[in-house]
Amino acid sequence: MDHTNPPVTVEQAEETLRLLAQVPEPDGLQDRIHARLAAARLEESDTRPGLFARLGIRGGMGLRLAVAAGCLAVVALVVEFAFPHRYNGLPAQTASHGPVLPAQVPAPTSPTLDASGGFQTSGAQRVPPTLTPLHVAPVPKKRLHSGKSGAKKATTTKPAASRTQPAAIAGPAQQP
Amino acid sequence: MSTSALSYAGWMENGTTVVREDPAASHAAIAALVHQYAGTMYRVAFSVLRNSADAEDAVQEAYLRVLRHSSQLAELRDPRVWLIRIVWNVVLDRKRRTKTRPETDDLAEMERVLPAGGLTADEHVAAGQHRATVLRAVDQLPAKEREVLVLSAFEELSSVEIAQVLNTTESTVRSRLFRARKLMAELLGHTRGSR
Chain A
1 MDHTNPPVTV
11 EQAEETLRLL
21 AQVPEPDGLQ
31 DRIHARLAAA
41 RLEESDTRPG
51 LFARLGIRGG
61 MGLRLAVAAG
71 CLAVVALVVE
81 FAFPHRYNGL
91 PAQTASHGPV
101 LPAQVPAPTS
111 PTLDASGGFQ
121 TSGAQRVPPT
131 LTPLHVAPVP
141 KKRLHSGKSG
151 AKKATTTKPA
161 ASRTQPAAIA
171 GPAQQP
Chain B
1001 MSTSALSYAG
1011 WMENGTTVVR
1021 EDPAASHAAI
1031 AALVHQYAGT
1041 MYRVAFSVLR
1051 NSADAEDAVQ
1061 EAYLRVLRHS
1071 SQLAELRDPR
1081 VWLIRIVWNV
1091 VLDRKRRTKT
1101 RPETDDLAEM
1111 ERVLPAGGLT
1121 ADEHVAAGQH
1131 RATVLRAVDQ
1141 LPAKEREVLV
1151 LSAFEELSSV
1161 EIAQVLNTTE
1171 STVRSRLFRA
1181 RKLMAELLGH
1191 TRGSR
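Same order as they appear, the protein sequences are chains A and B.
Residue 101 in the numbering used here sits at position 101 of the first sequence; the count goes up by one each step and never skips.
Residue 1186 in the numbering used here sits at position 186 of the second sequence; the count goes up by one each step and never skips.
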């Protein structure tokens, strides 16, 4: 406890703050600032310049973002026109023609260039047979039931052929 | 506007494109800013940090920020307020990051920096205790009131400029200053009563 201190008023406190605000700057402050700025500039020049600086584009971050967005838009347009809607309409054709489609789009043999500069088979699309109905010729059941002898012949001849074949194969092995 | 500020404004009017394109002109502009406002910025930094080395470091960092944003120099209307605002933000960042030093270090630094003014030894000790009491009360103020009170001590800053530095309105600055003075009176009265 210090009883010798006189009371401090707000005005005196503000006077103290004013005294703090009038502190003289240290000697050589400006020189040291200049030296640090020079070092920072040197460091900046040593570092590799960025893409925008090399392209000669100077400006703030907004300008750089605008340039980058423009480049992206140009790339998107080029891609859009280079490959024009190749999947549009193709599913409709496969749905209407069904199994005929594989005949229309031949399987790729070798990548050759056409007149437009693109691959010939670039539009080929594989259509799984499960997606399109396969038209199979109806089996003439009535004929099978009506002609019994023919049916029997058909059933008997096939196993006979299958029996003879293994025998022919096994024949030479049993000979010795 | 001072003569130096006028010459700075003239440089900006004449060299808007030069500053943007020519690095040499940009260097010259920053050198002019250092010459004119380094002292003011140092005092602003010292009033918050209360340490000579920290204040100088903050000023250098502020000028490095200026260097990084040198493309904006041509668009400045009042470079003084702009610079004070930069150093103010730097100082507040540092104050937030660094641990609080002991109060005795601050007082010793102030005794070293402030002019003695022909005081006797007893008066010198009394002045030191007086400053310690004031700074303790200032530190107990809420942040917004404390900031306004510290900046109001700079006679070179008007209330409009303080508002610009703190990014608020002039009426807000005035009301905060009023509250700060009231709180200071309470704190100092409480300090006096506790003795």
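Using N, Cα and C, we set each Cβ at its ideal position, and we do this for glycine too.
With 9 Å set as the bound, which would you pick, yes or no: does the beta-carbon of residue i sit closer than that to a beta-carbon of chain B?
| i | result |
| --- | --- |
| residue 65 of chain A | no |
| residue 13 of chain A | yes |
| residue 41 of chain A | yes |
| residue 21 of chain A | yes |
| residue 80 of chain A | no |
| residue 17 of chain A | yes |
| residue 126 of chain A | no |
| residue 77 of chain A | no |
| residue 89 of chain A | Note that residue 89 of chain A scores a pLDDT of 49, beneath 50, so its modelled location is shaky and nothing firm can be said. |
| residue 179 of chain A | Here chain A comprises residues numbered 1 to 176, so residue 179 of chain A is not present and cannot be evaluated. |
| residue 37 of chain A | yes |
| residue 10 of chain A | yes |
On the CB-based measure, 16 or more other CB atoms within 10 Å of its CB, does residue i come out buried or exposed?
| i | result |
| --- | --- |
| residue 153 of chain A | Residue confidence is low: residue 153 of chain A scores 49 on pLDDT, short of 50, so the model does not pin down where it sits. Its coordinate-derived value is still stated next. Its Cβ having fewer than 16 others within 10 Å, residue 153 of chain A is exposed. |
| residue 73 of chain A | exposed |
| residue 1175 of chain B | exposed |
| residue 76 of chain A | exposed |
| residue 16 of chain A | buried |
| residue 1145 of chain B | buried |
| residue 130 of chain A | exposed |
| residue 1050 of chain B | buried |
| residue 126 of chain A | exposed |
| residue 13 of chain A | buried |
| residue 134 of chain A | exposed |
| residue 1066 of chain B | buried |
| residue 1163 of chain B | buried |
| residue 1148 of chain B | buried |
| residue 20 of chain A | buried |
| residue 1098 of chain B | exposed |
| residue 1165 of chain B | buried |
| residue 1033 of chain B | buried |
| residue 1135 of chain B | buried |
Cβ of residue i less than 9 Å from any chain A Cβ?
| i | result |
| --- | --- |
| residue 1185 of chain B | yes |
| residue 1137 of chain B | yes |
| residue 1143 of chain B | no |
| residue 1060 of chain B | yes |
| residue 1030 of chain B | yes |
| residue 1038 of chain B | yes |
| residue 1175 of chain B | no |
| residue 1067 of chain B | yes |
| residue 1188 of chain B | yes |
| residue 1047 of chain B | yes |
| residue 1198 of chain B | Nothing in the structure corresponds to residue 1198 of chain B, since chain B is present only between 1001 and 1195. |
| residue 1034 of chain B | yes |
By Cβ distance below 8 Å, which residues in the same chain neighbour residue i in space, the five residues on each side in sequence not counted?
| i | result |
| --- | --- |
| residue 7 of chain A | none |
Sorted by chain position, which residues of the same chain lie with C-beta nearer than 6 Å to residue i's C-beta, five sequence neighbours on each side aside?
| i | result |
| --- | --- |
| residue 22 of chain A | none |
| residue 103 of chain A | Below a pLDDT of 50, predicted positions are generally treated as unreliable, and residue 103 of chain A, at 49, falls in that range; no measurement from the model is reported. |
| residue 990 of chain B | With chain B covering only 1001 through 1195, there is no way to say anything about residue 990 of chain B. |
| residue 1046 of chain B | 1055 |
Find the nearest neighbour of residue i within the set the options, judged by alpha-carbon distance.
| i | options | result |
| --- | --- | --- |
| residue 24 of chain A | B:1167, B:1043 and B:1047 | B:1043 |
| residue 1084 of chain B | B:1097, B:1052, B:1098 and B:1059 | B:1059 |
| residue 1131 of chain B | B:1097, B:1114, B:1147 and B:1142 | B:1114 |
| residue 1048 of chain B | B:1092, B:1169 and B:1023 | B:1092 |
| residue 1142 of chain B | B:1181, B:1106, B:1163 and B:1161 | B:1181 |
| residue 1052 of chain B | B:1110, B:1183 and B:1166 | B:1110 |
| residue 1038 of chain B | B:1168, B:1095, B:1086 and B:1166 | B:1086 |
| residue 1071 of chain B | A:62, A:69 and A:42 | A:62 |
Who are the near neighbours of residue i in its chain, counting only those whose CB is closer than 7 Å to its CB and skipping five residues on each side?
| i | result |
| --- | --- |
| residue 1187 of chain B | 1137 and 1140 |
| residue 31 of chain A | none |
| residue 1179 of chain B | 1145 |
| residue 1183 of chain B | 1141 and 1145 |
Taking 9 Å as the threshold (beta carbon to beta carbon), is residue i in contact with chain D?
| i | result |
| --- | --- |
| residue 1150 of chain B | The question asks about chain D, but that chain is absent: this structure's protein chains are A and B. |
For the segment 1070-1083 of chain B and the segment 1119-1139 of chain B, state whether three or more C-beta atom pairs, one from each stretch, are separated by less than 8 Å.
The segment 1070-1083 of chain B is not in contact with the segment 1119-1139 of chain B.
I want to know whether the segment 1123-1131 of chain B touches the segment 1146-1164 of chain B - three or more CB-CB distances under 8 Å.
Output reads no: the segment 1146-1164 of chain B does not touch the segment 1123-1131 of chain B.
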